[in-house]
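Here's the structure, in structure tokens; my notes come after.
Residue numbers (the numbering used here): 233 to 717.
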């Protein structure tokens, strides 16, 4: 009895364990059964090996993503440099899907492909194929036609400018040789014409963009001289021409004047005239005879001129002429009738009619400023001021070694916001916008930056940990823009 009393409590505990043992084993067995399980608000999946699924997992033909603790994840995820989006049920989206008002195009395997594809086309940050548009990347500048195919090995005119694309589909920059003909393009790839300065040498490109290789060429009314390689020839002489410091060609005067006096034989001419002195006076005798009829012909001419002054004298002597003019002058008072037309001038009445033109009265009801009053665009300026401060702080960090999140965190500190988290977490600081302004936050898949305007952004962690200015289009998929409140 003493043994039983002393160990009664121990026996009771042992009996309880024996009773609840099957229950505990049953619960544990349920938790390791293959399939879906929930623990509060967390879902997880048990594989056939009775282990929790982790990472990217395909279940019944659909892809899910689980964390290292086995919990199912939702939202954006970057897995091995590939972007996915998992909805509230945990399934990876496929095809065209709208997320927070923005439409994306996911592949059948759930990935969001952006950039160059294996087919040679290019997808934008939302997964759609780009067509009739420029694409700039580290390798150069490409143009995609209406089918989304890069233009290669040809000239193309785009928006009034002419470009040449090489075999790799990039716009050629600088001097380029096409089928043995030299062309020149600027830093934007535009084919140039006219005068160009290349490495200190002056060249001229024809209207079709080809390099002029003619020895002499008329340009804007001037003739210029060129070398065989197309460069302008200056301060030289060639082919009897003089070329000045501007390359303009002029004929050398000395060699042109020398051949002319050598051809004229002036010596024999005076010898022939000296040998015939006698016949010359004989020839002069009939000459005065020929001059005799000349004055006879001139005689009637003065006779005709003589009566002309006689008639004028007769007219001068007649005083009737003066009387006639006086009589003509007498009726001058009659033009008083003309003066009667002066009061008939209705012209002064015209301004009287113009006076009632009440143009200013009509301008009074122009109440355009009243209609412009409700335009409350300035209300948004405080938001832009905050964005400009964020951008200013970001620009001041260019060259600083830091990752992308620290860049944005330091920039937000300029407007009194203290926050640091994963790139996608910065979306909680503002509102999504499709019309970004400089200073807005750009959310990428696994990356975050500050928008700088004109397609540029300030990136942290660039080529390591350097803060730098680069295009909005980077290797990470762009999710959207956040306008900080």
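All C-beta atoms in this analysis are idealised placements derived from N, C-alpha and C, irrespective of residue type, glycine included.
Note that the coordinates shown come from a computational prediction; the quantities given were computed from them, not determined experimentally.
Quiz item: When burial is assigned at 16 or more other CB atoms within 10 Å of the CB, is residue 668 buried or exposed?
Solution: It is buried - the Cβ of residue 668 has at least 16 other Cβ atoms within 10 Å.
Quiz item: So what's residue 429 in DSSP terms, helix, strand or just coil?
Solution: Residue 429 falls in the strand class under three-state DSSP.
Quiz item: In chain order, what residues of the same chain have a beta carbon less than 6 Å from the beta carbon of residue 445, not counting five sequence neighbours either side?
Solution: So the qualifying residues of the chain are 462.
Practice problem: Whole angstroms is fine: what's the gap from residue 335's alpha carbon to residue 681's? | Solution: CA-CA distance, residue 335 to residue 681, rounds to 21 Å.
Quiz item: Expressed to the nearest angstrom, what Euclidean distance is found between the alpha-carbon atoms of residue 291 and residue 268?
Solution: Between the alpha carbons of residue 291 and residue 268 lies a gap of roughly 10 Å.
Exercise. Might you give, ordered along the chain, the residues of its own chain that have their beta carbon closer than 8 Å to the beta carbon of residue 303, omitting 5 neighbours on each side?
Key: Only 274, 275 and 276 meet the Cβ criterion.
Quiz item: Going by the CB atoms, is the gap between residue 332 and residue 654 shorter than 8 Å?
Solution: For the 8 Å CB-CB criterion, residue 654 and residue 332 do not form a contact.
Quiz prompt | Helix, strand or coil at residue 271 according to DSSP, with G and I counted as helix | solution = Residue 271: strand per DSSP, three-state reduction.
Quiz item: How would you call residue 315, buried or exposed, if buried means at least 16 neighbouring beta carbons within 10 angstroms?
Solution: Buried is the call here.
Quiz prompt | Buried versus exposed call for residue 259 [16 or more other C-beta atoms within 10 Å across all chains shown] | solution = Per-residue confidence for residue 259 stands at a pLDDT of 46, beneath the threshold of 50, marking its modelled position as unreliable; the derived number appears in the next sentence. So residue 259 ends up on the exposed side.
Quiz item: Given a threshold of 16 other Cβ atoms within 10 Å of its Cβ, counted over all protein chains shown, does residue 229 qualify as buried or as exposed?
Solution: This structure gives no information on residue 229, because the portion of the chain shown stretches from 233 to 717.
Self-check item: Rounded straight-line distance, which links the Cα of residue 294 to that of residue 612
Solution: Low per-residue confidence applies at residue 612: pLDDT is 45, beneath 50, and the placement is therefore not dependable, though the value from the model is reported in the following sentence. Their backbone Cα atoms lie some 44 Å apart in a straight line.
Exercise. For the region 362 to 369 and the region 336 to 344, state whether three or more C-beta atom pairs, one from each stretch, are separated by less than 8 Å.
Key: In short, these stretches do not touch, since the Cβ pair count stays below three.
Quiz item: Taking all protein chains shown into account, do 16 or more other C-beta atoms lie within 10 angstroms of the C-beta of residue 481, making it buried, or fewer, making it exposed?
Solution: Around the beta carbon of residue 481, a 10 Å sphere encloses 16 or more other beta carbons of the protein chains shown; the residue is thus reported as buried.
Self-check item: Identified DSSP bridge partners for residue 626
Solution: In DSSP, residue 626 forms no bridge with anything.
Quiz item: Smallest Cα separation from residue 401: which of 455, 442, 373 and 440?
Solution: Ranked by Cα distance from residue 401, the first of 455, 442, 373 and 440 is 373.
Exercise. Mind reading off the beta-carbon distance from residue 678 to residue 355? Whole number of angstroms is fine, and I expect it under 8 Å.
Key: Not a contact, Cβ separation roughly 17 Å.
Quiz item: Can you tell me whether residue 670 is buried or exposed, with buried defined as 16 or more other CB within 10 angstroms of its CB?
Solution: Classification for residue 670: buried.
Quiz item: Hey, is residue 431's beta-carbon within less than 8 Å of any beta-carbon in chain C?
Solution: Going by chain labels, chain C is absent from the structure shown, which holds only one protein chain.
Quiz item: Leaving out five residues before and five after residue 717 in sequence, what residues of the same chain have Cβ atoms less than 6 Å from its Cβ?
Solution: Within the same chain, residue 717 has close Cβ partners 662.
Practice problem: Would you check if the region 690 to 707 and the region 627 to 639 touch, i.e. whether three or more CB-CB distances between them fall below 8 Å? | Solution: With three or more CB-CB distances shorter than 8 Å, the region 627 to 639 counts as touching the region 690 to 707.
Self-check item: Rounded straight-line distance, which links the Cα of residue 362 to that of residue 381
Solution: Those two C-alpha atoms are separated by around 9 Å.
Quiz item: Is residue 386 buried or exposed, if buried means 16 or more other CB atoms sit within 10 Å of its CB?
Solution: Label assigned to residue 386: exposed.
Quiz prompt | residue 450 in three-state terms, based on DSSP | solution = Strand, per DSSP.
Self-check item: Helix, strand or coil at residue 593 according to DSSP, with G and I counted as helix
Solution: With a pLDDT of 47 at residue 593, under the threshold of 50, the modelled position of that residue is not reliable, and no figure is offered here.
Exercise. Please state whether DSSP places residue 468 in a helix, a strand or coil.
Key: Of the three classes helix, strand and coil, the one that applies to residue 468 here is strand, per DSSP.
Self-check item: Among 483, 684 and 692, nearest to residue 713 - alpha-carbon criterion
Solution: Comparing Cα-Cα distances from residue 713 to each of 483, 684 and 692, the minimum goes to 684.
Quiz prompt | Helix, strand or coil at residue 644 [DSSP, three-state] | solution = Note: residue 644 maps to helix in three-state DSSP.
Quiz item: In terms of alpha-carbon separation, which member of 694, 691, 297 and 656 lies closest to residue 788?
Solution: Here the chain covers residues 233 to 717 and nothing more, so residue 788 does not appear.
Quiz item: Tell me which same chain residues have a C-beta within less than 8 Å of the C-beta of residue 521, skipping the five on either side of it?
Solution: Caution applies to residue 521, whose pLDDT of 48 falls short of 50 and renders its modelled position unreliable; the model cannot decide the point.
Quiz item: Using the C-alpha atoms, what's the distance from residue 434 back to residue 427?
Solution: Each residue's CA atom was taken as its position, placing residue 427 and residue 434 some 7 Å apart.
Self-check item: Identity of the residue in 443, 617 and 300 nearest residue 286 by Cα
Solution: Out of 443, 617 and 300, 300 has the C-alpha closest to the C-alpha of residue 286.
Quiz item: Does the separation of the CB atoms of residue 347 and residue 707 fall below 8 Å?
Solution: In this structure, residue 347 places its C-beta atom within 8 Å of the C-beta atom of residue 707.
Quiz item: So is residue 618 buried or exposed if we call it buried at 16+ other beta carbons inside 10 Å?
Solution: Residue environment: residue 618 is assigned as buried (16 or more neighbouring CB atoms within 10 Å of its CB, all protein chains considered).
Quiz item: Is it right to say residue 641 is buried, meaning 16 or more other beta carbons lie within 10 angstroms of its own, or is it exposed?
Solution: Per the 10 Å Cβ criterion, buried.
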